[in-house]
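This report refers to the structure that appears directly beneath it.
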Amino acid sequence: MSTQDLEFMPSTDTVFERTGENTIVINMGPQHPSTHGVLRVILELEGETIVNLECVIGYLHTGMEKEGEYQQYLKCVTMTDRMDYLSANNNNLAYALAAEKLLGVEVPPRGQALRVILCELSRIASHCVWLGTHALDLGAMTPFFWIFREREKILDMFEMFSGVRMMPSWIVPGGLRGDMPEEFEGKLRDFIKEFIPALAEVEGLLVKNPIWVERTRDVGVISPEFALALGLSGPITRASGIPWDLRKSNPYSGYENYDFAIPVGKNGDVYDRFLVRIAEMKESIKILQQAIDGLPEGPWSSDDRKIVPPPREELDTSMESLIHHFKLWTEGFHPPVGEVYHAIEGPKGELGWYIVSDGSNCPYRWHVRPSSFMNLQALKPMCIGRMIADVVAVIGSIDIVLGEIDR
Amino acid sequence: MPAPIYQGERLEVVKVRERFPSAVLKVKEFRGDTFICVTRESLRAVCEFLRDDPDLEYKMFSECTCVDYSAWEHERDLTERFEVIYNLFSLKYFSRIFVKVGAEDGVPIPTMTTVWPGAEYPEREVWDLYGVVFEGHPKLERFLLPDDWVGFPLRKDVPLGGEDVDFAQNTKGPAVEDISMPHAGESFEGKTGSEDVSGR
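What follows is the structure in structure tokens.
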């Protein structure tokens, strides 16, 4: 590549064709605060009305799927956190479950319950960020500060668990990297008690707020049939009235043992998506309460020494454990030849991993089904015909994370 | 609720076989997932059938992805170099089915955007990263990669690393020690490199 090639700078014309005569083309992003990262939206306006819209993505593309093909199965885990960095545990779980499906490994009940706790905390943390930023985009600053205070408590708990606030990588194929620390339980119980009133405070600022209702009701409506054909999932489809949640419909990690409801909206507008996510946080608290009350004793990881490293104590006394330890951290494990897909209900929708194994210690193909990427497709049909100010409301309600979209 | 099973096979497979006897090349079951391999010509008809049949109702398009099998050493499902996998979900039984189609380099396969509009982004991504052409796709342009990118990085013949870095043209390429000791799978063939190790 010569220096001349570097002068190439993509203009709006290269990716965008005008449809109207007297229209104006506006470029929103990638450095726009309400595009939640580096999303670039090219808008074609007639007056203030949007006649066409195009999303330009890829500013955060780091080739993780390529990199995954060169990493051992256990070492892939750290990359999963960095995709949807707001709910790292859910990404860990989706990948771990796909790898376990390939290996045919079962995780003991305590491990499953701890996974549910971590994932539900992650879901609440992710929804907290969504709520804060969504409100901030529409001009309400207080919810952002109040709800981030709650999120901070969750991140502290993750730090207590794993030593890392946002990228725990604690859920790995075969189980968890370690057991729950002793102080965690009290902290979690406090959080469960404090969160519902704290959420009610923030909710009270918005739910009947005339400005909020005006800006969100009947904005960005999507019909249930079209939502499914577009590949949308998660709170967006539920707000459109489809009672589909993978935790209920295709349970994993023991979700069938918990009692919780699926909140469903009616109109499929921004306001309904707001209500659905708020209700989901409350359901998550219910799950957390049940999980911590019924937390079984016992091992938290599979006892298959080919996949899970032996405990530290065993290394001093058992030659076999030492060999397993060494083999696992140098070579990794070799799953059987085949291809699997496993999906979980992430905070943003269906989050799945597709792995093709050729029997070596690295995946042959390592692919994520990113929920935000598919959900982003809804932006165009939701916005066309609406005002430019509604774009901000709609982007917020889709709840995108560019780390996951671009990968 | 699991998908109904007839004579040991999933209902989807039985129905598709019955309706398109020559279309189904292979049916694979692995770890509870069902993969139906179909011919390129019948792909659209099979997908429309899966979507519209009142017993199946695969109305949700979950995603599609692609695998480059040029470095594969085991038994294959299809003979072509690439396999495009359509991941479909039905809310009737909450069941999932995978439809696979083979694609050779440069030979287009029909787009599914006419069946499910949601195929637009993932198909564009597959074109961007693998170079599989989807005939009739509204916008096959660079998506995740820059507009001026050359090549398809997820193909198996593209090595990891060794890309030219935009802001260090010919001055701070891969350092000599990196070229002499590449990581697994990396290749610096044709790259000049430099002695300068600062600024990297």
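Protein sequence lines correspond, in order, to chains V and X.
Heads up, the first sequence is in our numbering, so the first residue is 687 and it goes up one at a time.
Heads up, the second sequence is in our numbering, so the first residue is -15 and it goes up one at a time.
Glycine is no exception: its CB is placed at the ideal position from the N, C-alpha and C atoms.
{"Query": "How big is the Cα-Cα spacing for residue 111/X and residue 772/V?", "Result": "29 angstroms"}
{"Query": "Assuming the contact rule is C-beta atoms closer than 8 angstroms, residue 870/V and residue 847/V should be a hit. Round their C-beta distance to whole Å, please.", "Result": "6 angstroms"}
{"Query": "Can you give the Cα-Cα distance for residue 982/V and residue 27/X, rounded to whole angstroms?", "Result": "48 angstroms"}
{"Query": "Is it the case that the Cβ atoms of residue 669/V and residue 964/V are separated by a distance below 8 angstroms?", "Result": "Residue 669/V cannot be examined here, being either before or after the span of chain V that is shown, 687 to 1093."}
{"Query": "Can you check whether the CB of residue 1050/V is closer than 8 angstroms to the CB of residue 786/V?", "Result": "no"}
{"Query": "Taking only the alpha-carbon atoms, compute the straight-line gap between residue 42/X and residue 1008/V and give it to the nearest angstrom.", "Result": "50 angstroms"}
{"Query": "Under 8 angstroms, with one C-beta from each stretch per pair, do the stretch 930 to 940 of chain V and the stretch 998 to 1016 of chain V reach the 3-pair mark?", "Result": "no"}
{"Query": "Just to confirm the assignment, what range does the alpha helix (DSSP H) spanning residue 870/V have?", "Result": "870 to 892"}
{"Query": "Below 8 angstroms on the Cβ atoms is my contact criterion, and I expect residue 760/V with residue 858/V to pass it. Report the Cβ-Cβ distance as a whole number of Å.", "Result": "6 angstroms"}
{"Query": "Would residue 87/X and residue 51/X be called neighbours here (beta carbons separated by less than 8 angstroms)?", "Result": "no"}
{"Query": "Find the residues of chain X that neighbour residue 1052/V, judging by a C-beta separation of less than 9 angstroms, and give them in chain order.", "Result": "Neighbours of residue 1052/V on chain X: none; closest Cβ ~10 angstroms, over 9 angstroms."}
{"Query": "Just by C-beta distance, which residues in the stretch 931 to 954 of chain V are closer than 7 angstroms to chain X?", "Result": "935, 936"}
{"Query": "Any beta carbon from chain X within less than 8 angstroms of residue 743/V's own beta carbon?", "Result": "yes"}
{"Query": "So with CB distances below 7 angstroms, who are the chain V contacts of residue 51/X?", "Result": "1042, 1051"}
{"Query": "For residue 182/X, which of helix, strand or coil comes out of DSSP?", "Result": "Note that residue 182/X scores a pLDDT of 43, beneath 50, so its modelled location is shaky; the value from the coordinates is reported in the next line. Residue state, collapsed to three classes: coil."}
{"Query": "Alpha carbon to alpha carbon, how far is residue 970/V from residue 944/V? Give it in angstroms, no decimals.", "Result": "10 angstroms"}
{"Query": "Check residue 78/X in the structure and name its three-state DSSP category.", "Result": "coil"}
{"Query": "Does the beta-carbon distance from residue 713/V to residue 728/V come in below 8 angstroms?", "Result": "yes"}
{"Query": "With a CB to CB cut of under 8 angstroms and the five nearest residues on each side skipped, what residues in its chain are close to residue 58/X?", "Result": "none"}
{"Query": "Counting only the same chain and skipping the five closest in sequence on each side, list residues whose C-beta sits under 8 angstroms from that of residue 17/X.", "Result": "80, 82"}
{"Query": "Measuring straight from C-alpha to C-alpha, what distance separates residue 691/V and residue 113/X?", "Result": "Legend: pLDDT at residue 691/V = 47, less than 50; position of this residue unreliable, value from coordinates given subsequently. Whole-angstrom Cα-Cα distance: 21 angstroms."}
{"Query": "Ordered along the chain, which non-local residues of its own chain (more than five positions away) have a Cβ less than 7 angstroms from that of residue 893/V?", "Result": "none"}
{"Query": "Measuring CB to CB, does residue 1025/V end up less than 8 angstroms from residue 14/X?", "Result": "yes"}
{"Query": "Is the Cβ-Cβ distance between residue 138/X and residue 752/V less than 8 angstroms?", "Result": "yes"}
{"Query": "Cβ of residue 43/X less than 8 angstroms from any chain A Cβ?", "Result": "Any reference to chain A falls outside this structure, whose protein chains are V and X."}
{"Query": "What are the start and end residues of the beta strand (DSSP E) that includes residue 1028/V?", "Result": "1024 to 1032"}
{"Query": "8 angstroms is my cut-off, CB to CB: does residue 15/X come that close to chain V?", "Result": "yes"}
{"Query": "Going along chain X in order, which residues have a C-beta closer than 9 angstroms to the C-beta of residue 728/V?", "Result": "Simply none; closest approach about 13 angstroms."}
{"Query": "Looking at C-beta atoms only, is the number of pairs between the stretch 790 to 810 of chain V and the stretch 951 to 958 of chain V that lie closer than 8 angstroms three or more?", "Result": "no"}
{"Query": "Helix, strand or coil for residue 1044/V, going by three-state DSSP, please let me know.", "Result": "coil"}
{"Query": "Please identify, using Cβ separations under 8 angstroms, the residues of the stretch 122 to 133 of chain X that lie next to chain V, in order along the chain.", "Result": "125, 126, 127, 128, 129, 130, 131, 132"}
{"Query": "Sort 798/V, 1071/V, 1084/V by Cα distance to residue 720/V and report the nearest one.", "Result": "1084/V"}
{"Query": "For residue 183/X, count the other beta carbons within 10 Å of its own beta carbon; 16 or more makes it buried, fewer makes it exposed. Which is it?", "Result": "Residue placement at residue 183/X is flagged as unreliable, the pLDDT there being 41, under the threshold of 50; the coordinate-derived value follows with that caveat. It is exposed - the Cβ of residue 183/X has fewer than 16 other Cβ atoms within 10 Å."}
{"Query": "Look at residue 107/X and residue 97/X and say whether their C-beta atoms are less than 8 angstroms apart.", "Result": "yes"}
{"Query": "Within this structure, are the beta carbons of residue 770/V and residue 1087/V separated by less than 8 angstroms?", "Result": "yes"}
{"Query": "Considering only residues of the same chain and omitting the five flanking positions on each side of residue 696/V, which have a CB-CB separation below 7 angstroms?", "Result": "With a pLDDT of only 47 at residue 696/V, under the threshold of 50, the placement of this residue in the model should not be trusted; the figure read from the coordinates follows. Closer than 7 angstroms at the Cβ level, and outside the excluded window around residue 696/V, lies no residue."}
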